[in-house]
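A.B. asks: The structure under discussion is supplied below as structure tokens; questions concerning it will follow.
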Amino acid sequence: MSLPLLQVEKLNKTFQGNNDQLFRALNDVSFSVEAGECVGLIGESGSGKTTIANIVAGFVTPTSGDVVYDGQSLIARNCGKNARSTMQMVFQNPMNSFSPRMKLGRGIREGLNYLSSMPRKEQEKRVDEAMEMVGLPLSYKNKYVFEVSGGEAQRAAIARAILIKPRLLLCDEITSALDAEVQDQLIEVLRKLKEEMNMAFLFISHDIKLVRSFCDRAFVLQDGVIVEQGSVEQLYEHPENEYTKKLVNAAILNLIE
Ligand SMILES: Nc1ncnc2c1ncn2[C@@H]1O[C@H](COP(=O)(O)OP(=O)(O)OP(=O)(O)O)[C@@H](O)[C@H]1O
Ligand SMILES: [Mg+2]
Numbered sequence: 004m005s006l007p008l009l010q011v012e013k014l015n016k017t018f019q020g021n022n023d024q025l026f027r028a029l030n031d032v033s034f035s036v037e038a039g040e041c042v043g044l045i046g047e048s049g050s051g052k053t054t055i056a057n058i059v060a061g062f063v064t065p066t067s068g069d070v071v072y073d074g075q076s077l078i079a080r081n082c083g084k085n086a087r088s089t090m091q092m093v094f095q096n097p098m099n100s101f102s103p104r105m106k107l108g109r110g111i112r113e114g115l116n117y118l119s120s121m122p123r124k125e126q127e128k129r130v131d132e133a134m135e136m137v138g139l140p141l142s143y144k145n146k147y148v149f150e151v152s153g154g155e156a157q158r159a160a161i162a163r164a165i166l167i168k169p170r171l172l173l174c175d176e177i178t179s180a181l182d183a184e185v186q187d188q189l190i191e192v193l194r195k196l197k198e199e200m201n202m203a204f205l206f207i208s209h210d211i212k213l214v215r216s217f218c219d220r221a222f223v224l225q226d227g228v229i230v231e232q233g234s235v236e237q238l239y240e241h242p243e244n245e246y247t248k249k250l251v252n253a254a255i256l257n258l259i260e
């Protein structure tokens, strides 16, 4: 059997909290993502979701545990940027994803920075393809981020992330700052990426309903501990853990409001 694309093994993270007390943000977190699979990570604010994404992306060092990506340990020494060259992350606030001094065309092209040997013409072609993929008119290359909507800026951020044709996209609450209709449009963009580029996703959200609509499997994080995992239908229709039930009920109530 082939190895999963991403394997997170017994991840622990302790932060220095207030009054110098140690605070355990992650407690023996283990999960995997297969190539082309979409895995949801659900949990309330402060449960540790972003900390997991930041460790996988290499922004934060775990206290212990390992992250194995494409067969290579990312935590071992000398295993950073190159090993992560087919992984990209998209963040919550699209307006902060681009410099206000840079036109979007140039901002998106920055996603190819580390492939600087690529001829400029080829780079432009990649940018055009990526913009088409996310449904952004090419004329938007000449706009600044403050001239577009939040949804359009997030499409541009996704375009930048997919320039290198990543195998894994880490999405941290990427639709949370947007209204429901724009959320749905972005999920359609992600579906297209999954189908046409066979991309895998770690899709972080506090919204179990959204995770159900897009992901294959999901796991539920409470105070840094995975309390339940399974198919999204199973978690939504037949949650076993009390915390998962609470998240499902909150989502249903939201629907009625
Ligand atoms: N650099 C840090 N130093 C100290 N504590 C931190 C640091 N980063 C995160 N924490 C703490 O770790 C816990 C988990 O934070 P994290 O950002 O991973 O939560 P989250 O699930 O992403 O929350 P949200 O849904 O609000 O984004 C929080 O209590 C947070 O305050
Ligand atoms: Mg977060």
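Residue numbers (the numbering used here): 4 to 260.
Even for Gly, the Cβ is constructed at its ideal location relative to N, Cα and C.
Small disclaimer: the values here were computed from a predicted structure and weren't measured.
Could you check whether the Cβ of S48 sits closer than 7 Å to any heavy atom belonging to ligand 1?
C.D. replies: True, at least one ligand heavy atom lies under 7 Å from that Cβ.
A.B. asks: Just to confirm my understanding: we take G68, look at its own chain, exclude 5 residues before and 5 after, and list those with CB closer than 6 Å. What are they?
C.D. replies: Contacts found: E12, K13, L14, N15.
A.B. asks: By how many angstroms is the C-alpha of S120 removed from the C-alpha of A254?
C.D. replies: Approximately 48 Å between the Cα atoms of the pair.
A.B. asks: Should K128 go down as buried or exposed, given a rule of 16 or more other Cβ atoms within 10 Å for buried?
C.D. replies: K128 comes out exposed.
A.B. asks: Determine the DSSP secondary structure at E176, reduced to helix, strand or coil.
C.D. replies: Coil.
A.B. asks: Shortest alpha-carbon distance to G51 belongs to which of D226, V230, V185, G153?
C.D. replies: When only C-alpha atoms are compared, the closest one is D226.
A.B. asks: Is E12 helix, strand or coil by DSSP?
C.D. replies: E12 falls in the strand class under three-state DSSP.
A.B. asks: When we look at the beta-carbon of G46 and count the other beta-carbons within 10 Å, is it buried (16 or more) or exposed?
C.D. replies: When all chains shown are included, G46 counts as buried.
A.B. asks: Locate the beta strand (DSSP E) running through L29, then write down its first and last residues.
C.D. replies: Its beta strand (DSSP E) spans residues 25-36.
A.B. asks: Do the CB positions of E113 and R163 come within less than 8 Å of each other?
C.D. replies: The answer is yes: Cβ separation under 8 Å.
A.B. asks: Looking at the unbroken beta strand (DSSP E) that takes in Q188, where does it start and where does it end?
C.D. replies: Premise fails: Q188 lies in the alpha helix (DSSP H), 183-200, not in any beta strand (DSSP E).
A.B. asks: Apart from the five residues just before and just after V230, which ones in its own chain have a Cβ nearer than 8 Å to its Cβ?
C.D. replies: Result list for V230: V223, L224, N244, Y246, T247, in chain order.
A.B. asks: Tell me whether R215 is buried or exposed, calling it buried when 16 or more other Cβ atoms sit within 10 Å of its Cβ.
C.D. replies: Per the 10 Å Cβ criterion, buried.
A.B. asks: Which residues bound the alpha helix (DSSP H) around V59?
C.D. replies: Element bounds for V59: 52-60.
A.B. asks: Kindly indicate which residue of V192, L166, P169, S102 has the alpha-carbon position closest to the one of K146.
C.D. replies: Of the candidates V192, L166, P169, S102, the one whose C-alpha sits nearest the C-alpha of K146 is S102.
A.B. asks: Would you mind stating whether L166 and V130 have Cβ atoms separated by less than 8 Å?
C.D. replies: Yes. Within cutoff.
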